[in-house]
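In my numbering, the protein residues as written are 121 to 195.
Just so you know, even glycine gets a beta-carbon here, dropped at the ideal spot from N, CA and C.
Data block below; observations after.
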Amino acid sequence: MPSIPKCAVQGALESFERLMAHFTKLTAIARFALHAEMRDEDRRYVLQAMHELSEQGEEDLQRRHEALRLTASRY
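As structure tokens, this is what we get:
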């Protein structure tokens, strides 16, 4: 059975990978939005997608930070 610190490190790595995926998606969307000709309605859709991805990443990061903080406080 893995130790608690090992589980915490694994959780942090998984969180980092998800956060990295969010930023990769945001970067791709931003590049597209900067260079593509689009209507205002489409641009609003792109901005909404970026906003949702940002919030998802922030929420995940906050959850993982709290879990790591609680684990660290036990030691």
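Beta-carbon spacing of residue i, residue j below 9 Å
i	j	result
His-142	Leu-188	no
Leu-146	Met-170	yes
Val-129	Phe-152	no
Proximity winner among the options, relative to residue i (alpha-carbon distances)
i	options	result
Glu-179	Val-129, Arg-138, Pro-125, Ser-123	Arg-138
Arg-184	Met-158, Ala-156, Glu-134	Glu-134
Phe-136	Gln-168, Met-158, Gly-177	Gly-177
Exposure of residue i, with buried meaning 16 or more beta-carbon neighbours within 10 Å
i	result
Gln-182	exposed
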